[in-house]
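Quick notes on the structure that follows.
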Amino acid sequence: MHAIFETGGKQYRAAEGDILYIEKLPVAAGDEVKFDKVLAIIDGDKYQFGTPLLNGATVSASVVKTGKAKKIHIFKFKAKKNYKKRQGHRQPYTQVQIQTITAGAAV
């Protein structure tokens with residue numbers, strides 16, 4: 001069984017037991033989180049699609065850890081003007097493991 005759900009402005013496809021890196025959530029490691037913005041559930045040959053969400057469908061997951069991704073380097077410059085700007089960014093994330101997917105009815 002797979003589910004497509006939304007969190008942090010992004011959509012993810014997951015099955016039970018999958019480990020996902022999602023946008024940072026204000027939770028600690030070991031906590032349980034529930035995602036109720038489920039867009040679709042795929043169970044073998046059966047498909048359930050919401051318009052836009054499935055009513056009563058949830059995806060529950062446990063938080064494995066939170067952290068920061070690898071640093072990306074940004075370098076801007078203007079030719080012949082001696083203007084240089086260097087910057088780095090590390091995107092925070094939350095690593096979750098999907099525990100259960102419960103189906104609901106289409107809205």
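1 is the number of the first residue of the sequence shown in our numbering; add one for each residue after it. Glycine is no exception: its CB is placed at the ideal position from the N, C-alpha and C atoms. This structure is a prediction, so every number in the text was calculated from the model and none was measured.
Between residue i and residue j, which are expected to be in contact by the criterion C-beta below 8 Å, what is the C-beta distance as a whole number of angstroms?
| i | j | result |
| --- | --- | --- |
| G17 | I98 | 6 Å |
| Q48 | A14 | Not quite, the Cβ-Cβ distance comes to about 15 Å (not below 8 Å), so this is no contact. |
Could you tell me whether any non-hydrogen atom of the ligand ADP is closer than 7 Å to the CB of residue i?
| i | result |
| --- | --- |
| T7 | This structure lacks the ligand ADP, and indeed carries no ligand of any kind. |
Bridge partners of residue i, per DSSP?
| i | result |
| --- | --- |
| A40 | I4 and F49 |
| V33 | A61 |
How would you label residue i, buried or exposed, when you count the other beta carbons within 10 angstroms and need 16 or more for buried?
| i | result |
| --- | --- |
| T94 | buried |
| T51 | exposed |
Go ahead and pull the three-state DSSP assignment for residue i.
| i | result |
| --- | --- |
| E16 | coil |
| R86 | strand |
| K65 | strand |
| Q11 | strand |
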